[in-house]
Every structure is written in C-alpha cells, then in structure tokens.
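Residue numbers (UniProt numbering): 1 to 318.
Built from N, CA and C at the ideal position, the CB exists for glycine as well.
For reference, the structure is listed below as structure tokens.
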Amino acid sequence: MRALITGTTGFVGQHLASYLINNGIEVWGTTRDYLNEVNLVEGVKIVPVDFENIESLVKVLDDIQPDFIYHLAGQSSVIDSWTDKTATFQSNVNLTLNLLEAVINSEIKGNVKVLTVGSAEEYGGPDEECSPITEDARLKPTSPYGISKATVGMLARHYFIAYGLKIIHVRPFNHIGPGQRVGFVVSDFSNQIVRMERGQQNNVISVGNLSAQRDFTDVRDIVRAYYLLLNREEVTDWGECVNVCSGTATSIQSILDTLLSLSQTNIDVVIDSNKLRPVDTPVFIGDNTKLKKFTSWEPTINLTQTLSDVLKNLRDQS
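Listed below in structure tokens is the structure:
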C-alpha cells in the first residue's frame, strides 16, 4: 500500500508519516520546501509538486499511484488568518481545489481514498443546546481560518457527490504533542517552562483565561484516527465529515497545573489582562460518536503522558 501526504514536514504530517511507515505503508510526501530535509521522517520519499499547476499534480499522482491521499498542507493558524486572509484562502481552499481537480483527472480517481483536514473552528461558537458538538451542528465560523476550512469541507462533499470521489473530511479539535510549534497553548507553556529550567528567562508565566475548557487529543491518537478512517475494507460513508476528538473537556488551568507539576524548577503564574479575550467560549468539546462508529477508535494516550512527552522533546533539543 502507498500513501501520499501533503504537508509532510508539518507537526501532524511528521507523526502521520511515522505511523504509516510503522504500519507497513510506503509513504510519499510533498512539502513547499522539499529541499529542506530537517523535518523529514526517515523513510519518506519526497516529491516536488507545484500545487498551482494541475497538470503537474496529475503527473505526480499518475507516477506515484497512491492508494491513500492525506491532505494536510495548508495554513494552520487562526491568528495569522486575520493578518493575511488572501494567503489563508490560497493555502487552504485554492490548493485543495487544485488537488481534488487533479485527482479526478488522474488514473487513480476510481480507487484512491482521500482525507481532507478541516478544523473544529468550522463550528465557531457552539450553540448551548449542541454540546458536545456533533457533525450536524450549524457551521458558523468566526475567523477567516474557520471559514476557509468550512469551505474545504464543502469542496470534499461536492467532489463526492459530483464525481463519486472516495473522500472523508475530518474536523479535528485541539491536538497536542511533541514537536508542535509555538503559537498554541501547550507548546507556548511548555517552551516557557523549558527556557526557565535552562535559566533563559525569569520564572514567571503570564497567562490569560485559565477557566476555559477545551477538547485536547494527543496528535499520535489523531493520526491513528486518520489512518483508520481510510484503511477500511467496506466503506459506505464517503463524503462524510467526521469529528476527531477525545470527547472530554479539559481546562487550561488543568493543562498548566500538570505542566508545572512536571517542571524542574519553581514557577510563578500571573494573570496578564492583555491576554484575556473579550469573548472566550467557556466550554468547547466535540462528540466523537461517529468516529467510534466508523472505526472503533479510542484515544490511548492520557494527558499527563502527552505533556510529559512534550517537555521531554523540548529538553532533548540543544
């Protein structure tokens, strides 16, 4: 079996590549900076791709003949989407459109299985009567990033209905784990803690709202769900959207408390009013019933283990 991953050197892409290789799947990867092999997983075969050129994409697909396509490439920051809306839609919508056009014009269109990656941000602020959030919840994204990912989900549905493409669109909630870049709550807290342990900054963490509760899942459990969704023998649910989440609410306070308990130095916590959001959804949790029904998936890595692994990964870096 052979898989093509777009965005192979990203946070999720690296973990997915490792998981697929460990399960005996030959992995090909695309990346915008394919000459930079710093973040390449051993065993991944990198192929240069011009996502702006559909004919070039078709040739790559015909040459590789993948059984699975995991489309992870794109702009992943909600904050960045506000400052560069055009780039966000170009990366998340236009490139997805080009990839799907290439698939239906390729030799593999009748057999390949495709997974597009959306986001829980597609839901926006949840309705009180819909918590945990199911896939049938009303989409009302509140950021350019969320709107772009909702559009990707609509494109996935369109290509299933119009062309019979075997495609699943996932809406992952907060995923955390070793290797996540700064800009997300766990990586931000963890990076500060390791810097404090090294004496590189004062032993004070400034925080915003710690009472908010979110649905956190280890990235290694996330990629296992992606694998299971496509690696099924008999599938009757192509064109569906599927939440990938733990189904459990965890407060930011709990995340911080656990990280502090795992730290190797004494740290003070102070509230920074500049980090408090004018509107912050108190509880944002997903319903994973559909995922479990389709795959019998269950999360296997608990929060403490994840946070311990995140800190270890940072400490091991020079």
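_Length-filtered (3 minimum) beta strand (DSSP E) runs lying within the stretch 128-214_ = Here the runs fully enclosed are 166-172, 174-176 and 204-207.
_Within-8 Å CB hit, V41 to chain D_ = The question asks about chain D, but that chain is absent: this structure has only one protein chain.
*From what residue to what residue does the beta strand (DSSP E) around A3 run?*
Numbered from 1 along the sequence shown, position 3 holds the residue referred to as residue 3. It spans R2 to T6 - the beta strand (DSSP E) in which A3 sits, taken as one unbroken run.
*Per DSSP, what kind of secondary structure is residue 383 in: helix, strand or coil?*
Residue coverage of the chain in this structure runs from 1 to 318, which leaves residue 383 outside it and unanswerable.
*Please name the residue, chosen from L115, R2, Q192 and V283, that lies closest to N23 on a Cα-to-Cα basis.*
In the sequence shown, residue 23 corresponds to position 23, counting from 1. The shortest Cα separation from N23 among L115, R2, Q192 and V283 belongs to R2.
*asked:* Measuring alpha carbon to alpha carbon, tell me which residue in S56, L16, Q192 and C241 is nearest T116.
replied: Here residue 116 refers to the residue found at position 116 when the sequence shown is read from its first residue. It is C241.
*Based on the DSSP output, what are the partners of F294 in its beta bridges?*
Translated into the one-based positions of the sequence shown, residue 294 becomes position 294. Beta-bridge pairing links F294 to no other residue.
*Are the CB atoms of L57 and V49 nearer to each other than 8 Å?*
Here residue 57 is taken as the residue at index 57 of the sequence shown, counted from 1. Here residue 49 is taken as the residue at index 49 of the sequence shown, counted from 1. Yes. Within cutoff.
*Would you tell me roughly how many angstroms separate the C-alpha atoms of G247 and T306, rounded to the nearest one?*
As a first step, residue 247 must be located in the sequence shown, where it is residue number 247. As a first step, residue 306 must be located in the sequence shown, where it is residue number 306. Across the structure, G247 and T306 are spaced so that their CA atoms are roughly 16 Å apart.
*Taking S206 as the reference, give the member of V185, R157 and I168 with the closest Cα.*
Your numbering for residue 206 matches position 206 in the sequence shown. Answer by Cα proximity: V185.
_Collapsed DSSP secondary structure at T9 in the structure displayed_ = Reading the sequence shown from its first residue, position 9 is the one you call residue 9. DSSP, reduced to helix, strand and coil, places T9 outside both helices and strands of the structure shown, so it counts as coil.
*CA-CA distance, F294 and A150?*
For the purposes of this step, residue 294 is taken as the residue at position 294 of the sequence shown. For the purposes of this step, residue 150 is taken as the residue at position 150 of the sequence shown. Rounded to whole angstroms, the separation of the alpha carbons of A150 and F294 is 22 Å.
*State buried or exposed for V60, treating a residue as buried only when at least 16 other CB atoms are found within 10 Å of its CB.*
Residue numbering aside, residue 60 sits at position 60 when the sequence shown is read from its first letter. With 16 or more Cβ atoms within 10 Å of its Cβ, V60 is classed as buried.
_Applying the 10 Å Cβ sphere with the 16-neighbour rule, what's the burial state of I271?_
In the sequence shown, residue 271 corresponds to position 271, counting from 1. Around the C-beta of I271, fewer than 16 other C-beta atoms lie within 10 Å, and the residue is accordingly described as exposed.
*Taking C-beta to C-beta, are V283 and Q213 nearer than 8 Å?*
As a first step, residue 283 is located in the sequence shown; it is residue number 283 there, counting from the start. As a first step, residue 213 is located in the sequence shown; it is residue number 213 there, counting from the start. Yes; because the gap between Cβ atoms is below 8 Å, this pair is in contact.
_Closest to L311 by C-alpha separation, out of S77, L260 and G239, would be which residue?_
Looking up residue 311 in the sequence shown gives position 311. Of all alpha-carbon atoms in S77, L260 and G239, the one lying nearest the alpha-carbon of L311 is that of L260.
*Just the C-alpha distance for H71 and F89, rounded to the nearest angstrom, thanks.*
Numbered from its first residue, the sequence shown carries residue 71 at position 71. Numbered from its first residue, the sequence shown carries residue 89 at position 89. H71 and F89: Cα-Cα distance of roughly 15 Å.
*Cα-Cα, which of F11, D316, L97 and L314 is closest to N174?*
To locate residue 174, count along the sequence shown from 1; it is residue 174. Here the closest residue by C-alpha is F11.
*Taking only the alpha-carbon atoms, compute the straight-line gap between V223 and N266 and give it to the nearest angstrom.*
By 1-based counting over the sequence shown, the position of residue 223 is 223. By 1-based counting over the sequence shown, the position of residue 266 is 266. Straight across, the Cα-Cα distance linking V223 with N266 is about 35 Å.
*State the DSSP-derived secondary structure class of V41, mapped to helix, strand or coil.*
Residue numbering aside, residue 41 sits at position 41 when the sequence shown is read from its first letter. Residue state, collapsed to three classes: coil.
*Which residues share a DSSP beta bridge with S68?*
The sequence position of residue 68 within the sequence shown is 68, counting from 1. Residue identity check: residue 68 is Phe in the sequence provided, not Ser. The secondary-structure analysis by DSSP pairs F68 across a beta bridge with A3 and K113.
*Between G13 and the rest of its own chain, which residues show a CB-CB distance below 6 Å, the 5 nearest in sequence each way excluded?*
Here residue 13 is taken as the residue at index 13 of the sequence shown, counted from 1. Shown here for G13: same chain residues with a beta carbon closer than 6 Å to its own, the five before and five after excluded, namely I5, G7 and L72 in chain order.
_Using a Cβ-Cβ cutoff of less than 7 Å, which residues in the same chain neighbour A17 once the five nearest sequence positions on both sides are dropped?_
Sequence index remark: in the sequence shown, residue 17 carries index 17 (1-based). Correct list, in chain order: I5, T8, V27, G29, V41 and V44.
*Is L165 near I108, with beta carbons less than 8 Å apart?*
On the sequence shown, position 165 is the one that residue 165 refers to. On the sequence shown, position 108 is the one that residue 108 refers to. Cβ atoms of L165 and I108: not closer than 8 Å.
_Please classify L255 as buried or exposed, where buried requires at least 16 other C-beta atoms within 10 Å of its C-beta._
Here residue 255 corresponds to residue number 255 of the sequence shown, with the count starting at 1. Looking at the sequence itself, residue 255 is Ile, so the reference to Leu does not match. Residue environment for I255: buried (at least 16 other C-beta atoms within 10 angstroms of its C-beta).
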